[in-house]
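Protein sequence lines, in the order shown, are assigned to chains A and B. Going by UniProt numbering, the first residue of the first sequence is number 1, and it counts up by one from there. Going by UniProt numbering, the first residue of the second sequence is number 1, and it counts up by one from there. Idealized CB from N, CA, C, for every residue including glycine. For reference, the structure is listed below as structure tokens.
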Amino acid sequence: MTASLHSGAADPAPDRALNRALGRAVRGPGFSARLAPRALLVASAALAVLLALAVASICFGDYPLRFDQVVDAIFGGSGGQSYIVQRFRLPRAVGGALAGALLGLSGAVFQTLARNVLASPDVLGVETGAALVTVVLMTLGLTGTAALTGGAFAGAAVATAAVYLLAYRRGINGMRLILVGIGVNACVTGGTSYVLMLAEVHTAERAHNWTLGGFNGLGWEQVAVLATGLAVTLPLATGLAARLRTLSLGDGVARALGLPLERSRLLLIGAGVLAAAASVAVAGPVAFIALVAPQIARRLIGRPDGGLVTSAIFGALLAVAADFAGRQLAGDAEIPVGIVTALAGGPWLVYLLMKRGSRSTNG
Amino acid sequence: MDDEALGARGLVVGYRGHEVIDGLDLALMRGRITAIIGANGCGKSTLLRALSRLLPSEGTVVLDGRDTATLSTREIARRLSVLPQGPSAPEGLTVADLVARGRYPHQRWLRQWSETDEAAVREALERTNMTAFAGRPVDELSGGQRQKAWIAMALAQRTDTVLLDEPTTYLDIGHQAEVLDLLVELNVSAGRTIVFVLHDLNQAARYADRVIAMERGRIAADGTPDEVITPETLRAVFDVEAHVVADPHSGAPLVIPASVPLTVRRAAPAAS
């Protein structure tokens, strides 16, 4: 035993372990919260990496810019270089980060709610539902931002509602939700392909490009939609975090703790759908970010709690990184971010399934 | 001491038309330990869940002298804690985080971790002897420790009445005794009213003041362990022939099923 500066207790070690497990308390008049120092550390580090990546993605491109030129442009510089930054690269980086943050947040909500790491808006039909409606609208010639955003929301909401209702049997079971989701997704994706087949060739190509998911061409108008989405869903979801934590103990325990079950679940699903739909409506379906970001957050924090904001930050980080990689790796051609995340995320999913398959799965 | 903590008047619970419980009256006294026993499917878990408002029911449930229909689910959860059967924690959730969730009914949007919350969690960990495991993930604990972690969560609710649905099922004999001793300790030292559904008659006889035997949604027998655990009741409720002797350790009734002993069985074919 090493000597301890702790004077009062005879054996301070268990005390210290307990205090660490309980976390830090922040209290003021009429206000109290429990903070996990490690979660704060992880979130701050991720935020720093995100900023660095965003700046790097603005610097590099067909026309490379120096760091000071970028900073100058961001803070109101003028001239050709500033025009490139202000008009193209900055909205692309900011929009990409926001789209990723929305996906990370949505994934964290759904994974905690379903108590299954495979539950994400991709699986629950949010993205395919939005894609079907968007492709139909594009085929009909309705390509305004308002029409496409509204349509994507509607498609996401209807597809998720269908999955949820079909999977509901005196409560929700995570594994059943995922299996029903796979089925509904297959049907909806089939519908999207059919519409693409019927569409006139130029429209079809445009719609097809959208379904690949990409940040190319994101402007401030799109950034505004994404920012509004995050400004609504992040406070909503974090405000419901205590309910989400309670729900993750299972329906019986949650009800025993006095939680209004169905209302809480509906609000949380609403927040999750809204977040993913906002992202998909603007940037197209970018696969795997919603699945992977919350898992990275949880793994680094080391506990399943407190992941909403951190998951959003990791979603942003992954989106910006994938977009950056897609632009740098293929030389002249640009790989859409959705393809990069699919290529990188696929192996992760296989790894996850193999790891879970070797243990007993807990639906 | 003998006032009612929890009671039911004309309780009716049913799934789709056929009633599991049809018009049941019951008064559970404050500061007592009550065990509910009965064969599989007799409605004992249903009764517990209806009393704790986990299941919708008709009739009246009275908690601390008030009709629970007039209380919000949150108010009920501040007076009554329930541990459902076989709960499971999310992967990686620590004991401390699980127990902290027991404070949910006391928390407000801006008051998530008051000094009372923290004190209640520390006390619950202490009482269940789980302080040393506070930082460990629940899913990595042994069955008995896991169950104690869940009981600690229910204790952190700081309710006068604690309901538990088969708290010892799936535990080995050592952990069964530990969990039941813990519940008795809570009753004796903290005055909590305890109601549990038990599968094991000998545990019910030994650890409860009062035993309620249920059969097809009705109360078939109700009284002290000596009054209820009798060969007659066992025959009526469980359809089993059994001897009841006094437990040499505690004097409580001890059930010994009267099946033919193995040695007698082995000897029988030779005789024929």
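As the crow flies, the alpha-carbon of B/Leu155 is around 10 Å from that of B/Leu80.
Your pair B/Leu182 and B/Thr168 does not check out as a contact, with CB atoms roughly 11 Å apart and the cut at 8 Å. Remark: C-beta atoms of A/Leu140 and A/Gly155 do not approach each other more closely than 8 Å. For B/Phe196, the uninterrupted beta strand (DSSP E) segment begins and ends at Thr193 to Val197. When rounded, the separation of the alpha-carbon atoms in B/Ala96 and B/Thr193 is 25 Å.
By alpha-carbon distance to B/Ala221, the top candidate from B/Gly7, B/Gly14 and B/Ile37 is B/Ile37. By the neighbour-count criterion, in which a residue is buried when 16 or more other Cβ atoms sit within 10 angstroms of its Cβ, A/Pro294 is buried. A straight-line Cα-Cα distance of about 11 Å links B/Ala204 and B/Val255.
Here the stretch 265-284 of chain A lies against the stretch 237-254 of chain A, with 3 or more beta-carbon pairs under 8 Å apart.
The Cβ of A/Val109 sits no closer than 8 Å to any Cβ of chain B. By the Cβ rule, the stretch 300-317 of chain A does not count as touching the stretch 197-211 of chain A, because fewer than three pairs are nearer than 8 Å. The DSSP-derived three-state label of B/Met130 is coil. For B/Pro225, the enclosing alpha helix (DSSP H) has its first and last residue at Pro225 to Val228. Counting every other CB atom within 10 Å of its CB across the protein chains shown gives A/Asp62 a total below 16, marking it as exposed.
Chain-ordered, the chain A residues with CB closer than 7 Å to the CB of B/Ile76 read Gly258. B/Phe238 is classed as buried because its beta carbon has at least 16 other beta carbons within 10 Å across all chains shown. Closest by C-alpha distance to A/Leu236, out of A/Arg87, A/Ala207 and A/Val273, is A/Val273. Within the stretch 138-201 of chain B, the alpha helix (DSSP H) runs of at least 4 residues that lie entirely inside it are, in chain order, 143-156 and 173-190. With respect to the 8 Å criterion, A/Ala342 and A/Ala287 are classified as neighbours on the basis of their beta carbons. In the three-state scheme derived from DSSP, where H, G and I count as helix and E and B as strand, A/Ala333 is classed as coil. The alpha-carbon of B/Ile33 is positioned some 19 Å away from that of B/Gln157.
Distance from the Cα of A/Leu124 is smallest, within the candidate group A/Val135, A/Arg115, A/Phe110 and A/Val136, for A/Phe110. Residue-level contact by beta carbon fails for B/Tyr207 and chain A, as no gap is shorter than 8 Å. Under a criterion of Cβ atoms nearer than 7 Å, the residues of chain B adjacent to A/Val253 are, in order, Pro84 and Pro87.
Per DSSP, B/Gly38 is one residue of the beta strand (DSSP E) stretching across Ile33 to Gly38. Your pair A/Gln222 and A/Val282 checks out as a contact, with CB atoms roughly 5 Å apart and the cut at 8 Å. Less than 8 Å divides the Cβ of B/Ala149 from the Cβ of B/Val138. The straight-line gap separating the alpha-carbon atoms of B/Thr131 and B/Gly31 is approximately 26 Å. Within the same chain, Cβ atoms closer than 6 Å to the Cβ of A/Ser82 are found at Ala73, the five residues on either side in sequence being excluded. Taking all protein chains in view, the Cβ of A/Arg299 is surrounded by fewer than 16 other Cβ atoms within 10 Å, so the residue is classified as exposed.
For B/Val62, the secondary structure class from DSSP, reduced to helix, strand or coil, is strand.
Taking the Cβ atoms as the reference, A/Leu53 lies roughly 6 Å from A/Ala321, within the contact range of under 8 Å.
Spanning the alpha carbons of B/Ser142 and A/Ala21 requires a straight line of approximately 19 Å. Under the DSSP definition of a beta bridge, B/Ala213 partners with B/Ile37 and B/Ala221.
Under a criterion of Cβ atoms nearer than 8 Å, no residue of chain A is adjacent to B/Glu123; the nearest Cβ is some 12 Å distant. Sixteen is the threshold: since fewer than 16 other Cβ atoms of the shown chains lie within 10 Å of the Cβ of B/Thr116, the residue is exposed.
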